Structure formats: structure tokens, C-alpha cells
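First comes the structure, then the notes that go with it.
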Amino acid sequence: LGVNVTMLINVVAMLNLAVGVASSVHVLNAYQLGLKEGMGWQDAISRAYGTAGFPVVLALTTTLAGLMSLTSVPLAPMRDFGLYASFGVFLAMIGTIFLLPVLMSLWFKRTPPKKDSPLRLIVDDKLRALLNRVNTISIERRGLTLVIFIGVAVFAGYGVSLVKIDTNYSQVVKDGHGQSEVVRLIDKLFGGTANLEVIVDTGTNDGAKSPEMLLAMDRFVERCLAGAPDFVNRSFSLVNLTKESYQRLTDNSEANYRIPDGAAAVAQTLSLYESADPENKKLFVDENWQIARITFNGFSRGSSEYEGFLEDVDTWLKAEFEPLKKEFPNLQWHTSGHISMIMHFANLFTEAQITSFGIALGAICLI
Numbered sequence: 234l235g236v237n238v239t240m241l242i243n244v245v246a247m248l249n250l251a252v253g254v255a256s257s258v259h260v261l262n263a264y265q266l267g268l269k270e271g272m273g274w275q276d277a278i279s280r281a282y283g284t285a286g287f288p289v290v291l292a293l294t295t296t297l298a299g300l301m302s303l304t305s306v307p308l309a310p311m312r313d314f315g316l317y318a319s320f321g322v323f324l325a326m327i328g329t330i331f332l333l334p335v336l337m338s339l340w341f342k343r344t345p346p347k348k349d350s351p352l353r354l355i356v357d358d359k360l361r362a363l364l365n366r367v368n369t370i371s372i373e374r375r376g377l378t379l380v381i382f383i384g385v386a387v388f389a390g391y392g393v394s395l396v397k398i399d400t401n402y403s404q405v406v407k408d409g410h411g412q413s414e415v416v417r418l419i420d421k422l423f424g425g426t427a428n429l430e431v432i433v434d435t436g437t438n439d440g441a442k443s444p445e446m447l448l449a450m451d452r453f454v455e456r457c458l459a460g461a462p463d464f465v466n467r468s469f470s471l472v473n474l475t476k477e478s479y480q481r482l483t484d485n486s487e488a489n490y491r492i493p494d495g496a497a498a499v500a501q502t503l504s505l506y507e508s509a510d511p512e513n514k515k516l517f518v519d520e521n522w523q524i525a526r527i528t529f530n531g532f533s534r535g536s537s538e539y540e541g542f543l544e545d546v547d548t549w550l551k552a553e554f555e556p557l558k559k560e561f562p563n564l565q566w567h568t569s570g571h572i573s574m575i576m577h578f579a580n581l582f583t584e585a586q587i588t589s590f591g592i593a594l595g596a597i598c599l600i
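Sequential numbering from 234 applies to the sequence shown in our numbering.
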């Protein structure tokens, strides 16, 4: 069907197997009880489905509804999981209602055992007696039961308030397999494995050649490097190329590692650079010099830490580029890359869980 197999898709088979077995066990148990009461095997099957069939269908329907709620989330792996898991539960329900009776009529014993095995005695008699006793205790001591479970609920509610939503791919693989250790080593010695991409669309051909635009990009980069050294450590953009080109075109001194003054000087510098290295230019600006790219190298952190950093990035972007909208009315900017994707993925995942849980709760209550 062209659906990518993910870790969540792999869970579907185990989930459907467990659901199918669980639903079948209720029917089989009711059938065994009918035989023990002296009923014929056909009457035992009929009564088993008459007593356990509807609860099984209801349980599977609510499970199906809960899983179907995952199809509302924007994350493709979760959406596929919800779709195929719910379809599998539906097939388990069809199999339990239609196929199981046929299989029972073919190979199940049609008479009760003459003597119960010790295990069956424990399961059928001792466990049932214990459950009846628990039921009696719950009814006779309703106040105590409620107090205990309200206390557990309050304790759990306090625990929920302490939950921290965080995604850190450097911790997905536990230590000892080499992956997490390598990420930490690269972060320590080689400037990190993460990256942040900022796309600035000037909305105008040759807009990226504007000295004002380049200076705004330069100030934004400096703000990021100075304001968030724990997240990013270096940048690559059209600013670097302009400064290097101007330095080489002049006396190659450190003082001339800068953006040249005036639109004519900038245009001349970038034209000479484009003719000298057209392939490298494609890494930082489009063919029309309208859209520019700023790349930051950074360190691997959790999504909760990235959230505050990206809020600062948005603030700095507005501070530097908002004033340019008078000259460039169609000016836009966007963030992407590893850092942005992890943070937004974690937020989407959390929102998806809340949304799907709400939908599932409503659908199950309605059923």
C-alpha cells in the first residue's frame, strides 16, 4: 500500500494479537462454564455468545474508537498506527464473532473434563471465590474504597503536574551502543551535531543584495551567537561570503572583513563572487538573490530547552527584520532544521496526545 513501516506500525501485530486473544478468552470461559453446568456443546456456545458476545463487541468497539481518534493527529506515524490498529481490532472483532465459533466446533472438547486439573481448580474456583470476596469487601466498605482511590487520584494528579515534556534524540539509544556517546563527543569536541536553519525571503529579486538586508542578517547572527552560546556556536550565510569576498578584493586585512558600504559596492562584490564560485553560492541564496539562508551549527539538547531558545530566535528575527518591511513589504522569515524540527515535533506530539485522548474519551463515553 506504500505505507512506510515504522516502530509504531510494528506494534500493530502485537496489539491486535493481544486484543483478539483477550476477546476470545471471555467467550471460551463462558463456554467452559456452560459445559460444567451440563449443557450440550451447541447450547454452551449459544449461551456463551448470548452472555459474553455483547460485552466483547462493546469492548472492542470502544477500543476501535479510541484507536481511531489517533487518525486526527498531524503526525503521519501516529495517524497510520491509529488507522491500521483500529482496522486490526475490527478484524479481531469479526474473527471473534464469526470465526471463533467455527473453530470451537472443530476442535474444542464437547464435554466437560471429568476431573479438573489443579491449575483449572485454582483459576476457575479459587480465583472466582477471591473475586467474589473482593466484590463483597468493596460493597461493604465503599467509603474506604473511595477514600483510597481518591487519594491515589490526587497523588497521580500531583505527579502529572511534574511531568516534563521533552524529546532528545541523543538519549533515544541508551549508553553502551555507541550512538549517544558519539553525539556527546561531537558536541564536546567538534561543535555539535544539531543545526538551525533560518530562511529569509525578501520578496524581491536581488533583495538579498541589499546592504540593509545583509546588515540585518549580520546583527541577527551576532545576537544568536552572543545570546545563546549553549545552543549555537557558529554560522554560515551570505553574510560570511560577502565579508570574505570583500576582504579578498581589497587589501585582505582584517579590517575589511565586513559588509562594504553602499549598494553599488555590495552588488559589485557579490557579482564577482558569483562569477568566481557559482556552485557554492547556491548553498546560501537562490538564483534570483531573493531568498537567503542562514545556517547555525549547534549542540544536541532536549526539546524543552530548545523551546525557550527558539522563542528568543523569533524575538531577534522580529527586532532585526521587522523595520525592513517598509522597504520590503513582502519580507518573510522561517526557522527549520534539526533544532526547530525536534521542538515542533515534541509540541505536536503532546497536542496530538491531548486531542486524541479527548476524542477517544468522548467517543467511548457516547458508546
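Using N, Cα and C, we set each Cβ at its ideal position, and we do this for glycine too. Computed from a prediction, not measured in an experiment: that's the story for all the values here.
Counting pairs of beta carbons, one from the region 264-272 and one from the region 236-250, are three or more of them closer than 8 Å?
-> No contact exists between the region 264-272 and the region 236-250.
If you count every other CB in all the chains shown that lies within 10 Å of the CB of C598, and 16 or more means buried, which is it?
-> It counts as exposed.
Residue span of the alpha helix (DSSP H) that contains V406, given as start and end | Under the DSSP assignment, V406 falls outside any alpha helix (DSSP H); it carries neither an H nor an E label.
Decide if the region 433-448 is in contact with the region 409-422; the criterion is three or more beta carbon pairs, one per stretch, under 8 Å apart.
-> No, the region 433-448 does not touch the region 409-422.
Distance, S257 Cα to A285 Cα = If you take the alpha carbons of A285 and S257, they lie about 10 Å apart.
Between the region 379-388 and the region 313-322, are three or more C-beta pairs nearer than 8 Å?
-> No: the two stretches stay apart, fewer than three of their Cβ pairs being nearer than 8 Å.
Is the region 549-564 touching the region 471-489 in the sense that three or more CB pairs, one from each, lie closer than 8 Å?
-> Too few Cβ pairs lie closer than 8 Å, so no.
If you run the structure through DSSP and keep just helix, strand and coil, what is T239?
-> T239: coil per DSSP, three-state reduction.
Straight-line gap, S536 to V306 (C-alpha atoms, nearest Å) | Across the structure, S536 and V306 are spaced so that their CA atoms are roughly 19 Å apart.
Expected contact under 8 Å - CB spacing of S533 and G425 to nearest Å = In this structure, S533 and G425 form a Cβ contact; the two beta carbons are roughly 7 Å apart against a cut-off of 8 Å.
Out of L543, Y391 and W566, point me to the one whose CA is closest to F554's CA.
-> If we check each option's Cα against that of F554, W566 comes out closest.
If you drop the 5 nearest sequence neighbours on each side, which residues of the same chain put their C-beta closer than 7 Å to that of G220?
-> Here the chain has residues from 234 to 600 only, and residue 220 is not among them.
8 Å CB neighbourhood of N521 in its chain, flanking five on each side removed | If we look at N521 and ignore the five residues flanking it on each side, its Cβ neighbours are N438 and D439.
Since M576 contacts L543 with CB under 8 Å, what's their CB separation in whole angstroms?
-> Your pair M576 and L543 checks out as a contact, with CB atoms roughly 6 Å apart and the cut at 8 Å.
Where I419 and S470 are concerned, what is the direct C-alpha to C-alpha distance, given to the nearest angstrom?
-> Their backbone Cα atoms lie some 22 Å apart in a straight line.
Could you spell out where the alpha helix (DSSP H) holding A509 opens and where it closes?
-> Taken as a continuous stretch (DSSP letters only), the alpha helix (DSSP H) holding A509 covers A496 to A509.
Nearest-angstrom Cα distance between A596 and E512?
-> Each residue's Cα considered, the two are about 56 Å apart.
Spatial neighbours of M450 within its chain, please: CB distance less than 8 Å, with the 5 preceding and 5 following residues excluded, ordered by chain position.
-> The residues V433, S470, L471, V472, A525, I527 and E553, in chain order, have a CB closer than 8 Å to that of M450 in the same chain once the five nearest residues on each side in sequence are set aside.
Where T344 sits in the DSSP three-state scheme | In this structure, T344 counts as coil in the three-state DSSP scheme.
Give the DSSP-derived three-state secondary structure of A427 in the structure shown.
-> Here A427 sits in strand by DSSP.
I355 versus E584: straight-line alpha-carbon distance, rounded = Whole-angstrom Cα-Cα distance: 46 Å.
Residue range of the alpha helix (DSSP H) that T568 falls in?
-> Counting along the chain, T568 falls outside any alpha helix (DSSP H), though it belongs to the beta strand (DSSP E) covering Q565 to S569.
Mind checking whether F517 and L474 have CB atoms under 8 Å apart?
-> Yes, the Cβ-Cβ distance between F517 and L474 is below 8 Å.
Helix, strand or coil: how does DSSP classify V465 here?
-> Residue state, collapsed to three classes: strand.
Residue(s) in a DSSP beta bridge with R526 | For R526, which the question treats as bridged, DSSP gives the partners I432.
Could you give the uninterrupted runs of the beta strand (DSSP E) lying entirely in the region 356-420, keeping only those of 3 residues or more?
-> The region 356-420 contains no whole beta strand (DSSP E) run of 3 or more residues.
Test item: CB-CB of V387 and T329 under 8 Å = No; because the gap between Cβ atoms is not below 8 Å, this pair is not in contact.
Put S573 into one of helix, strand or coil per three-state DSSP.
-> In the three-state scheme derived from DSSP, where H, G and I count as helix and E and B as strand, S573 is classed as helix.
Just to confirm, are V252 and V322 a CB contact at a threshold of 8 Å?
-> Going by C-beta atoms, V252 is nearer than 8 Å to V322.
Between the C-alpha atoms of S504 and I398, what's the straight-line distance to the nearest angstrom?
-> Distance between the alpha carbons of S504 and I398: 48 Å.
Give the secondary structure of G273 by DSSP, where H, G and I count as helix, E and B as strand, and everything else as coil.
-> Looking at G273 - three-state DSSP - the assignment turns out to be coil, as it is neither helix nor strand.
On a CA-only basis, which of L339, I592 and D545 is nearest P462? Give me that one, please.
-> The candidate whose alpha carbon is nearest that of P462 is D545.
Between the CA atoms of I572 and N368 - distance to the nearest angstrom = Approximately 53 Å, taken between the alpha carbons.
Secondary structure of S470, DSSP reduced to three states = Here DSSP, grouped into helix, strand and coil, assigns S470 to strand.
Starting from the N-terminal side, write out each stretch of the alpha helix (DSSP H) that is 4 residues or longer and does not extend beyond the region 280-339.
-> Counting whole runs of 4 or more residues, the region 280-339 contains the alpha helix (DSSP H) stretches 287-301 and 309-327.
Should T378 go down as buried or exposed, given a rule of 16 or more other Cβ atoms within 10 Å for buried?
-> Classification of T378: exposed, given that the 10 Å Cβ count is below 16.
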